[in-house]
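Scroll down for the structure; my scribbles are underneath it.
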Amino acid sequence: IGGAMGSAFTLTLANIFMWKWERQTILPKLASHELYGRYIDDVFFTWNESEENVQQVLEAANKFHPNIKLDYHIGKSIPFLDVILTNNNDILSSSIYHKPSAEPLVVSFMSDHPRHVFRNVIQTALMRAARYSSTFEVFNHELRRIRLMLLYNNYPLNYINEQFRRFFLNFMSSSSALLPLIDNENQYSV
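Position 22 of the sequence shown, counted from 1, bears residue number 105 in my numbering, the numbering being contiguous throughout.
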């Protein structure tokens, strides 16, 4: 039995299968204080027992169906989708995961795209940094990375600065309950 990759039916079928799989193999074994997340067939969970115990659970889950082969990674730091999650002395932290082979390329400012595309490139990168960075230090590092990426792709510095300013005014001041008093990029500098 199979289906076309990307079709709505195949996605629904995969989610039903994974729902049954997780209910029968992983979730009953997790302690109530552990975290569990799944996006289609990518799974992340925390485990505070021995590595031997988690390997036994994963090996049992691997035998759930003959066509299922789990690849798993155990460690203090692990990428999940486009986030890297790290256990820093029992504190879970997050940042944006950048694949080692990824180039710092976005739509060049010299291209013939409508102007809103360039604005959206910057705003999306900044929003992603704000959502995925668990500390100000990580957020500041990502801001520098975004600025360099934009300069590399011929974005004028004054345009970059204006878009950063708009981001801090629109997002950080008005919609963030946690950071209501921060209204410009300079207040983030370390």
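We treat Cβ as the ideally placed atom computed from N, Cα and C, and that holds for glycine.
Contacts around residue i, its chain only, beta-carbon distance under 7 Å, and the 5 residues preceding and following it disregarded
{"i": "R202", "result": "Q246"}
{"i": "P162", "result": "Y180"}
Beta-carbon separation (whole angstroms), residue i vs residue j, contact threshold 8 Å
{"i": "W130", "j": "E117", "result": "6 Å"}
{"i": "F128", "j": "L113", "result": "6 Å"}
{"i": "D124", "j": "A97", "result": "6 Å"}
{"i": "V140", "j": "I109", "result": "7 Å"}
{"i": "A212", "j": "I229", "result": "6 Å"}
{"i": "P187", "j": "Y235", "result": "5 Å"}
{"i": "I157", "j": "V137", "result": "6 Å"}
According to DSSP, residues forming a beta bridge with residue i
{"i": "G120", "result": "F127"}
{"i": "V166", "result": "F163 and I179"}
{"i": "I174", "result": "N171"}
Own chain partners of residue i with C-beta closer than 6 Å, once the 5 adjacent residues on each side are dropped
{"i": "N237", "result": "S191, F192 and M193"}
{"i": "T169", "result": "S160 and S176"}
{"i": "H196", "result": "V190"}
{"i": "E135", "result": "none"}
{"i": "L231", "result": "none"}
Three-way DSSP call (helix, strand, coil) for residue i in this model
{"i": "T218", "result": "coil"}
{"i": "V273", "result": "Note that V273 has pLDDT 41, beneath the 50 cutoff, so the model's placement of it is unreliable and the number below is only indicative. Of the three classes helix, strand and coil, the one that applies to V273 here is coil, per DSSP."}
{"i": "F147", "result": "coil"}
{"i": "L96", "result": "helix"}
{"i": "H156", "result": "coil"}
{"i": "L141", "result": "helix"}
{"i": "F192", "result": "coil"}
{"i": "N236", "result": "coil"}
{"i": "T229", "result": "Checking the sequence shown, residue 229 turns out to be Ile, not Thr. Three-state DSSP puts I229 in a helix."}
{"i": "E132", "result": "coil"}
{"i": "P111", "result": "helix"}
Nearest neighbour of residue i, chosen from the options [CA to CA]
{"i": "S217", "options": "H181, S177, M210 and P187", "result": "S177"}
{"i": "L252", "options": "M210, R228, L233 and E225", "result": "M210"}
{"i": "F222", "options": "A208, I243, L188 and L234", "result": "A208"}
{"i": "D154", "options": "M101, V126, R227 and F250", "result": "V126"}
{"i": "W102", "options": "Y119, S90 and I243", "result": "Y119"}
{"i": "L164", "options": "I157, Y122, N172 and E132", "result": "Y122"}
{"i": "N241", "options": "I205, F254, H224 and E225", "result": "I205"}
Cutoff 8 Å; reference residue i; Cβ partners in own chain excluding five residues on either side
{"i": "V166", "result": "S177, S178, I179, Y180 and Y215"}
{"i": "G86", "result": "F92, T93 and L96"}
{"i": "I243", "result": "I205, R230, L233 and L234"}
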